[in-house]
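For reference, the structure is listed below as structure tokens.
Residue numbers (the working numbering): 40 to 305.
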């Protein structure tokens with residue numbers, strides 16, 4: 040296949056330039072598109088690889104670095120070190136003011152900024168990123184090589200929650216959620232126009248506690264969701280750069296997602 044990989048950018052909802060990795064076909068034909076949304080680690084190698092995989096399946100793929108709007112210090116190295124500090128706090132204290140203070144007490148300025156932006160100001164940060172994704176969706180639809188509104192999205196962890204929320208606010212035909220948070224409010228699932236497939240890890244209690252409310256919202260709104268929980272898999276089982284990677288679950292989830300997108304977008 041004839042496609043081009045490049046690091047580019049798009050204009051966010053407020054005029055800020057947002058970095059992204061894009062893989063687009065150069066065969067003169069119009070292709071369906073997939074927006075690939077990163078985990079809390081940012082636009083790392085794994086996410087670029089997933090974009091490449093979608094391109095190989097005949098899609099244009101766009102992977103935004105949503106943290107780039109917050110400054111150049113949101114590098115992979117700084118995010119990794121900031122997360123290491125945060126996750127060193129015992130889980131039962133991690134989200135408390137004391138836990139947050141402990142995480143940043145000896146952190147560098149870059150690490151402090153990252154921890155505060157991602158965790159302390161999480162609601163505001165999430166809202167900004169969803170608005171940027173709406174802008175990206177509209178940008179993608181206007182590209183010469185895009186097949187109009189045949190746009191899907193896939194997101195992991197943080198990105199899973201973002202694409203779930205995006206589906207309630209923008210016309211996305213196919214959404215694939217990997218261990219992501221429910222939309223806020225969960226009743227906004229009634230506003231989803233497209234189709235949803237969801238993949239969760241069996242050993243992921245913090246995320247999974249939201250599944251019953253999510254299923255109820257789909258039932259109440261008479262909408263469908265294709266859902267599978269992978270027993271013995273942990274959070275981030277799809278990321279082959281992380282120790283929680285689980286090959287059999289990742290391969291099955293990929294095949295389910297691939298078939299789902301083919302059915303709806305092609």
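The beta-carbon is built from N, C-alpha and C at its ideal position, and this holds for glycine as well.
Continuous beta strand (DSSP E) stretch holding residue 200: start and end: In the chain shown, the residue the question calls residue 200 occupies position 161. Taken as a continuous stretch (DSSP letters only), residue 200 belongs to no beta strand (DSSP E), being part of the alpha helix (DSSP H) at 197–208.
DSSP state of residue 305 mapped onto helix, strand, coil: Position 266 of the chain shown, counting from 1, holds the residue named residue 305. In this structure, residue 305 counts as coil in the three-state DSSP scheme.
Residue span of the beta strand (DSSP E) that contains residue 26, given as start and end: Given that the chain is displayed from residue 40 to residue 305, the structure contains no residue 26 and the question cannot be resolved.
Alpha-carbon to alpha-carbon, residue 48 and residue 184: Counting from one through the chain shown, the residue named residue 184 turns up at place 145. Counting from one through the chain shown, the residue named residue 48 turns up at place 9. Distance between the alpha carbons of residue 184 and residue 48 is about 17 Å.
Rounded Cβ spacing between residue 191 and residue 212 (contact assumed at less than 8 Å): Translated into positions along the chain shown, residue 191 becomes position 152. Translated into positions along the chain shown, residue 212 becomes position 173. The beta-carbon separation of residue 191 and residue 212, rounded to 6 Å, stays under the 8 Å limit for a contact.
Residue 191 in three-state terms, based on DSSP: Counting from one through the chain shown, the residue named residue 191 turns up at place 152. Here DSSP, grouped into helix, strand and coil, assigns residue 191 to strand.
Bridge partners - residue 273, DSSP secondary structure assignment: Mapped onto the chain shown, residue 273 falls at position 234. When beta bridges are read from the DSSP output, residue 273 appears opposite 242.
Residue 47 - containing beta strand (DSSP E), residue span: What you label residue 47 is simply residue 8 of the chain shown in a count that begins at 1. Unbroken beta strand (DSSP E) run through residue 47: 42–50.
C-alpha distance - residue 239 paired with residue 42, whole-angstrom precision: Locating residue 239 in the chain shown gives position 200, counting from the first residue. Locating residue 42 in the chain shown gives position 3, counting from the first residue. Rounded to whole angstroms, residue 239 to residue 42 spans 32 Å at the Cα level.
Alpha helix (DSSP H) runs wholly inside the stretch 141–166, at least 4 long, in chain order: Whole alpha helix (DSSP H) segments, 4+ residues: 148–154.
Nearest neighbour of residue 158, chosen from 113, 303 and 133 [CA to CA]: Counted from its first residue, the chain shown places residue 158 at position 119. For the residues 113, 303 and 133, the minimum Cα distance to residue 158 belongs to 133.
Residue nearest to residue 175 in terms of C-alpha spacing, selected from 126, 295, 58 and 297: Start at 1 with the first residue of the chain shown, and residue 175 comes out as number 136. Selection 126, 295, 58 and 297 evaluated against residue 175 yields 58 as nearest (Cα-Cα).
Spatially closest choice to residue 163 from 106, 210, 68 and 274, by CA coordinates: Numbered from 1 along the chain shown, position 124 holds the residue referred to as residue 163. Among 106, 210, 68 and 274, the Cα nearest to that of residue 163 is on 106.
Collapsed DSSP secondary structure at residue 224 in the structure displayed: As a working mapping, residue 224 is identified with position 185 in the chain shown. In the three-state reduction of the DSSP assignment, residue 224 falls in the coil class.
Rounded separation between residue 119 and residue 81 - CA only: Numbered from 1 along the chain shown, position 80 holds the residue referred to as residue 119. Numbered from 1 along the chain shown, position 42 holds the residue referred to as residue 81. Straight-line spacing of the CA atoms in residue 119 and residue 81 works out to 9 Å.
Sheet register partners of residue 72 (DSSP bridge): As a first step, residue 72 must be located in the chain shown, where it is residue number 33. Residue 72 is bridged to 99 and 190.
Opening and closing residue of the beta strand (DSSP E) in which residue 229 lies: Counting from 1 along the chain shown, the entry for residue 229 is found at position 190. Membership of residue 229 in any beta strand (DSSP E) is not indicated, and neither H nor E is assigned to it by DSSP.
Straight-line Cα distance separating residue 99 from residue 93: Translated into the one-based positions of the chain shown, residue 93 becomes position 54. Translated into the one-based positions of the chain shown, residue 99 becomes position 60. Each residue's Cα considered, the two are about 7 Å apart.
Length of the line joining the Cα atoms of residue 293 and residue 171: In the chain shown, residue 293 corresponds to position 254, counting from 1. In the chain shown, residue 171 corresponds to position 132, counting from 1. When rounded, the distance between both Cα atoms is 26 Å.
Straight-line gap, residue 75 to residue 295 (C-alpha atoms, nearest Å): Locating residue 75 in the chain shown gives position 36, counting from the first residue. Locating residue 295 in the chain shown gives position 256, counting from the first residue. Their backbone Cα atoms lie some 16 Å apart in a straight line.
First through last residue of the beta strand (DSSP E) which encompasses residue 31: Beyond the ends of the chain as shown, which are 40 and 305, falls residue 31; an answer cannot be given.
In DSSP terms, what residue 250 is bridged to: Taking the chain shown and counting its residues from 1, the one referred to as residue 250 is at position 211. None, per the DSSP bridge assignment.
From 264, 84 and 40, residue whose alpha carbon lies closest to that of residue 46: Within the chain shown, numbered from 1, the residue matching residue 46 stands at position 7. Answer by Cα proximity: 84.
Separation of residue 69 from residue 123, as counted between CA atoms: In the chain shown, the residue the question calls residue 123 occupies position 84. In the chain shown, the residue the question calls residue 69 occupies position 30. Distance between the alpha carbons of residue 123 and residue 69 is about 43 Å.
The beta strand (DSSP E) enclosing residue 215, as first and last residue numbers: Start at 1 with the first residue of the chain shown, and residue 215 comes out as number 176. Run containing residue 215: 213–217, per the beta strand (DSSP E) assignment.
Length of the line joining the Cα atoms of residue 135 and residue 148: Residue mapping note: residue 135 aligns to position 96 of the chain shown, counting from 1. Residue mapping note: residue 148 aligns to position 109 of the chain shown, counting from 1. Going from the Cα of residue 135 to the Cα of residue 148 covers about 21 Å.
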